[in-house]
Every structure is written in C-alpha cells, then in structure tokens.
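Notes follow the structure.
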Amino acid sequence: MWYFCSPRKIAFGEEALEALREVHAKKALVVTDTTLLQLGTIQPVLDLLKEEDIPFVIFSAIQPEPAIPPSREGAKLAEQEDVDLIIAVGGGSVIDGAKAIWVFYENPDLDIAEVFPEDPLVLRQKAGFVAIPTTSGTGSDANWAIVIKNPETKQKLSLAHRELIPDLAIVDPQFTKALPLSLTAATAFDALTHAIEAFTVEWRNDFSDGLALQALKLIFEFLPQVMADKDNMVAREKLHNAATMAGLAFGNSQIGGVHALAHSLGAVLSLPHAQVVAVVLPHMMRYCLSEPIIEQRYAEIAYTLQLVNTLDAKGAHTLIDKIEEFRKSFDLKTKLSDFGVTKSLLEEKMPLIIEFALNDTGSLVNPKELNKEIIRTLCYTMF
Amino acid sequence: MVVNFPSKEWLIKYQEALNGEAGKAWQEAAKDWEGDFLFVIEADDKLEKDLTFYIDLWHGECRRVEFIEDPAKAPQTEFQYRGKYSNWVDLIHGKIDPIKGILMRKFKLVGNKAKVLRAAKAAQELVNTAQKIESVFL
Ligand SMILES: NC(=O)c1ccc[n+]([C@@H]2O[C@H](COP(=O)([O-])OP(=O)(O)OC[C@H]3O[C@@H](n4cnc5c(N)ncnc54)[C@H](O)[C@@H]3O)[C@@H](O)[C@H]2O)c1
Ligand SMILES: [Fe+2]
C-alpha cells in the first residue's frame with residue numbers, strides 16, 4: 025500500500041495567478057526574499073490582493089538555502105498580524121521557509137526536526153497555504169517536503185509531512201520571466217534530477233513513474249529552447265510545468281543518492297542546491313549503473329526521450345553522456361573546485377560530509393547502497 | 011548454523027553478528043548511537059503470540075539482548091519498533107526498508123523519531139546485519 029498526494033488544486037499556464045482570486049482570506053502573509061522584492065517579481069500578487077481587498081503584510085527575510093531562525097521570526101509576524109493565509113512567492117528557499125513559518129505559526133513550541141510523516145501535525149487551524157514558484161526547479165510548491173538548515177548542527181534537515189502540501193500551487197510562467205539563464209539552467213537540472221531519482225529509487229511507483237517521464241520529456245525538449253531564447257514564454261511555461269510534475273514525482277516516490285550527497289555538500293560547504301546537484305548527478309548515475317535494474321531504467325528514459333532508437337543498455341550510457349553535454353552547453357559548474365572549494369577544505373570536512381550524506385533518507389532509498397568509501401571516492405572524483 | 015526466526019537463539023546470533031565481523035558497517039554507523047530498543051514481533055496468522063526482543067545499543071556495541079515471551083515483562087526502553095511477524099520477514103528480506111515500513115503503516119516507531127532519522131544509516135545497517143544471519147522462517 026502506498027499513497028499519491030498532491031495539492032488540492034494546481035493552477036498552471038498563462039494567467040494561472042487568477043486562481044488566487046478564488047481564495048478567501050481576512051489577511052495574508054506574503055513570504056518572499058529581498059531579491060524578488062527588489063525585482064518586483066511579487067508585484068502581480070500584491071496587485072491582485074489589493075484588487076480583491078485582501079490586506080497583507082510582507083515578510084522578506086528568507087534567505088537562499090534557508091535556515092530555521094528567520095522562519096521563527098516570520099511566524100511571530102503571522103501571529104502579530106493574525107493572518108489566515110500564507111502565500112509563498114519565490115524559489116524553493118522561500119517556499120520551504122514559508123512552510124516552516126506555517127509550522128511554527130500553528131505549533132509555536134514544536135521542534136521542527138520532529139516533524140515526521142506518520143505523526144500528527146496540526147496545520148490549517150490558523151491559515152491556509154498558497155505556493156507560487158518563481159524558479160522552475162524544486163517542486164516544493166506541490167510536495168510534502170521542507171529542506172531547511174539547522175544552524176546549530178549545520179545539517180540540512182529534510183522533513184516531510186502530507187499536511188505540508190500546499191492547498192493551492194500557482195504555476196504561472198510569468199514569475200520566471202526574469203529568472204536569469206544561469207539560474208534557469210541550474211534549477212532545471214534540479215528538476216531533472218528529481219525526475220531521474222523519483223524514477224529509480226527504491227520507493228518508485230506507477231504514479232511517480234508517469235510524472236517523472238513526462239517531466240523529463242518536457243525538460244529535454246524545452247530547456248534548450250529557453251536557453252536559446254530567454255523570452256520564449258511558451259518554452260518557459262513547459263519548463264515550469266515540468267518542475268512541478270517532477271516535484272509531484274519525487275514527493276510521492278523519493279529523492280536518492282544525488283540529493284543525499286548534494287544536501288550534505290551544500291550544508292557543509294555552503295553551496296547552492298541546484299548547482300551542486302548538477303555536479304553530483306552524472307557521477308551518482310554512473311555509480312548506480314552497475315545495478316541491472318537501474319541500467320534498464322536509465323535506458324527506458326533514454327528511449328522515451330528518443331535519445332536512442334532501441335531499448336537496450338547502450339541507452340543508459342547515452343543518457344548520462346547527454347546530461348553531461350547539457351551541463352556543459354549551459355555553462356553549469358561541473359566540479360567542486362569550480363565553487364572555490366580547495367582540496368584541503370574538502371579533506372577537512374570529509375567526515376562531516378560522509379556522516380550527513382549517509383544519514384540522509386536519500387541514501388537509504390538509493391538504488392545502490394552507499395557507504396563511507398563510496399562517498400569519499402565520489403567526492404574526490406567530483407573535485 | 012541456521013536458526014529460527016523469531017527465537018532466543020536467533021537473538022543471540024544477532025547480538026554476535028552486530029558485535030562481530032558481520033556488524034562492522036553497523037558498528038561504524040552507530041558509533042555515536044545511545045539508546046535501547048524493544049523490537050516487538052506481533053502475532054499474525056503465522057506467529058501465535060507477540061514476542062519481544064530487548065536490544066541495548068550503545069556506541070556501536072550491542073551490550074545486552076533479552077528474549078521476552080511475556081510482553082508485560084518488557085522493560086521501559088527509549089524506542090520501540092513494532093510490526094506484524096510477516097512484516098518483519100519482509101524487512102529482513104530487504105523487501106521494505108525500516109522507514110518505508112513506517113510510511114506503509116507496517117511498522118510503528120515509538121520514541122524520538124528525529125533521533126532515529128539522524129541515524130538512518132545505523133538503522134539500515136541494523137537490518138543489513140540481520141540479513142546476514144542464516145534464518146529459517148515460520
Ligand atoms: N522542498 C523541496 O521539495 C525541495 C526540493 C529541492 C530543493 N529544495 C531546496 O530549495 C532551495 C533552493 O531553491 P531554488 O533552487 O528554487 O533557489 P532559491 O529559492 O534559493 O533561489 C536562488 C536565487 O534565485 C533568486 N530568484 C528566484 N526566483 C527568481 C526569479 N524569478 N527572478 C530572479 N531571481 C530569482 C532568489 O532570490 C535567490 O537569490 C534549497 O534550499 C534546496 O535545498 C527543496
Ligand atoms: Fe532538489
């Protein structure tokens with residue numbers, strides 16, 4: 025027995041923001057970050073709230089790769105202002121930070137690390153939750169996860185609870201119009217990785233398989249089009265849909281070893297999630313390739329994407345080569361040293377990197393078992 | 011030597027495995043672990059009555075085990091992991107992992123779950139070590 029869970033409603037495509045008019049609220053907390061505030065990305069949301077006579081307050085202190093303390097501050101503001109709706113407008117960092125605000129607002133004394141899927145979690149007593157992604161990457165708008173840093177242990181916690189799935193996801197491509205190409209490529213690589221891991225980890229299932237394959241088709245077709253013309257809004261729309269579909273896929277299956285290692289490297293070396301995922305992806309795929317079922321699954325992806333004409337092992341290799349080719353053509357980082365990480369720093373931090381990576385749920389469900397030596401070898405290969 | 015699961019002999023073999031060569035990966039992963047468990051194997055159509063394993067795990071060592079036939083006599087422990095006999099068999103055969111088991115409602119974990127999640131690798135190695143015991147099932 026397994027479940028498929030998703031937001032009650034996903035509004036997508038041009039003018040999807042209009043769906044926000046259906047939401048009734050006395051007062052809203054709009055959660056974002058300073059960059060998006062300055063760029064004016066959130067303005068259409070504010071305009072609509074004004075038109076609908078919904079008063080709002082803005083909380084913009086969520087930082088990229090969010091940590092717990094700002095979310096506690098956001099919850100205090102929600103309490104002071106007595107809001108009954110939280111609207112997250114931003115990338116995965118903002119959406120995750122806003123989900124944590126929601127948890128603290130409704131459960132002020134909870135240690136967020138204790139959020140666990142099968143335990144009760146009180147939400148929606150005080151506020152509903154709308155997510156409006158501005159990157160085509162994490163899929164946090166449609167799934168049950170929060171990735172948040174605990175500043176005390178420095179670990180990136182991956183928490184999950186079905187109650188944390190937003191009530192409404194608004195997947196409107198207008199919010200990605202100003203997303204720089206470098207971030208477009210990196211966050212799309214995150215989405216691509218979600219789909220590949222959802223399709224291959226131990227918790228894969230029929231529902232997530234379908235979403236993962238379609239998400240991959242969209243990314244392979246439309247990411248190059250966006251990279252060739254950043255104003256191609258038709259292609260941006262498809263990419264945006266793909267990210268949410270990949271989010272639904274891994275939210276109902278799991279992420280795997282790529283994310284386990286990327287979460288760990290990201291937390292220990294302070295590296296941005298999407299970019300470090302792009303570094304790890306082909307290395308972890310090559311490592312998993314010796315599992316016959318995984319070779320088959322990669323081959324199935326390659327065949328579906330029409331990278332090869334026959335469904336055989338060759339496709340698995342073609343897929344990984346193609347991913348590396350993409351990564352290069354979009355100028356993404358390919359090595360840890362590209363981030364300025366030195367060998368001595370890597371060596372010094374290795375025990376912590378190993379500990380965090382192996383204890384991430386992604387490692388537990390990775391299609392091929394990971395251990396200390398493998399993580400170490402992968403890190404040096406990626407250096 | 012082949013042993014029956016669940017039995018006192020199996021539990022003793024398990025302790026030996028955890029502390030020996032077969033448990034090397036667990037010892038490493040659990041080097042900071044502190045906390046004792048009750049593994050409750052609940053009766054189903056194959057197992058007549060509930061059986062309980064008491065397992066004291068401390069810094070990569072399995073310090074003590076106890077086979078408890080009367081659940082009323084089970085000591086208070088920091089954690090409890092419980093599920094039906096057939097689910098334990100699936101777990102030991104690697105058909106489900108210890109966390110998926112909880113999400114599928116085949117197992118219940120009582121105790122500080124955040125602490126167990128932070129030691130996910132150790133939990134996985136506890137199962138991997140159990141797989142190395144030559145077992146006969148009911
Ligand atoms: N909850 C989940 O399911 C999940 C899944 C994967 C990753 N994550 C987490 O999400 C975070 C990363 O999120 P992300 O990759 O979306 O990036 P992000 O939210 O950290 O944003 C990166 C940068 O891009 C800027 N930005 C965002 N949208 C923009 C736009 N439209 N125009 C211009 N600039 C824009 C942001 O202000 C920020 O400076 C990490 O913490 C990661 O661990 C969560
Ligand atoms: Fe990700």
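Read top to bottom, the protein sequences are chains E and G. According to our numbering, the stretch in the first sequence is residues 25 to 407, in order. According to our numbering, the stretch in the second sequence is residues 11 to 148, in order. C-beta atoms are modelled at their ideal positions from N, C-alpha and C, and glycine is treated no differently. The model shown is predicted, which means the values in this text are computed figures rather than measured ones.
For residue i, I'd like the list of residues in its chain whose CB is within less than 8 Å of its CB, leaving aside the five on either flank, ordered along the chain.
i: E/I347; result: L216, L305, P306, M309
i: G/H103; result: Q141
i: G/G144; result: According to the sequence displayed, residue 144 of chain G carries Glu and not Gly. So the list reads M11, V12, V13, once near-sequence residues are dropped.
i: G/K118; result: Q90, Y91, R92, G93, I112
Mind checking residue i: buried by the 16 CB within 10 Å criterion, or exposed?
i: G/R74; result: exposed
i: E/F28; result: exposed
i: G/I22; result: exposed
i: E/E176; result: exposed
i: E/D57; result: buried
i: E/R45; result: exposed
i: E/P93; result: exposed
i: E/Y404; result: exposed
i: G/E135; result: buried
i: E/G364; result: exposed
i: G/Q37; result: buried
i: E/T334; result: exposed
i: E/D253; result: exposed
i: E/D120; result: buried
i: E/S314; result: exposed
i: E/S288; result: buried
i: E/A267; result: buried
Could you have a look at residue i and say whether DSSP puts it in helix, strand or coil?
i: E/F407; result: coil
i: E/Y27; result: coil
i: G/W68; result: strand
i: G/Q90; result: strand
i: E/R310; result: helix
i: G/I106; result: coil
i: E/P93; result: helix
i: E/R228; result: coil
i: E/K100; result: helix
i: E/E46; result: helix
i: G/N14; result: strand
i: E/G364; result: coil
i: E/A337; result: coil
i: E/V139; result: coil
Can you tell me the Cα-Cα spacing of residue i and residue j, whole angstroms?
i: G/H69; j: G/A40; result: 6 Å
i: G/A129; j: G/G33; result: 16 Å
i: E/F244; j: E/I377; result: 31 Å
i: E/L101; j: E/A202; result: 29 Å
i: E/V332; j: E/A340; result: 9 Å
i: E/I170; j: E/L145; result: 14 Å
i: E/R186; j: E/A151; result: 16 Å
i: G/K56; j: G/A35; result: 32 Å
i: E/L109; j: E/E130; result: 12 Å
i: E/N256; j: G/D54; result: 60 Å
i: E/A209; j: E/A270; result: 15 Å
i: E/S232; j: E/T159; result: 21 Å
i: E/Y327; j: E/S387; result: 27 Å
i: G/E19; j: E/E379; result: 33 Å
i: G/Y24; j: E/N395; result: 22 Å
i: E/I66; j: E/I172; result: 23 Å
i: G/A124; j: E/L181; result: 10 Å
i: E/Q87; j: G/E76; result: 50 Å
i: E/S164; j: E/Q330; result: 29 Å
i: E/M25; j: G/K105; result: 13 Å
i: E/H48; j: E/A381; result: 42 Å
i: E/I325; j: E/L343; result: 8 Å
i: E/E349; j: E/P391; result: 24 Å
i: G/D100; j: E/I111; result: 43 Å
i: E/P157; j: G/V137; result: 39 Å
Below 7 Å CB to CB, which residues in the same chain sit around residue i once its five sequence neighbours on both sides are set aside?
i: E/F407; result: K359, L360, S361, K367, L370
i: E/L73; result: A52, F80
i: E/D214; result: G161, T162, H297, A298, V301
Counting only the same chain and skipping the five closest in sequence on each side, list residues whose C-beta sits under 6 Å from that of residue i.
i: G/K116; result: G93, N97
i: E/R260; result: P197, T200, V250
i: G/I51; result: P16, L61, Y95, W98
i: E/L272; result: S30, A166, L235
i: E/W227; result: S277, Q278, V389
i: G/K59; result: A53
i: E/T59; result: none
i: E/S206; result: none
i: E/A35; result: A43, I194
Closer than 8 Å, CB to CB, is residue i near chain B or not?
i: G/D54; result: Of the protein chains in this structure, namely E and G, none is chain B.
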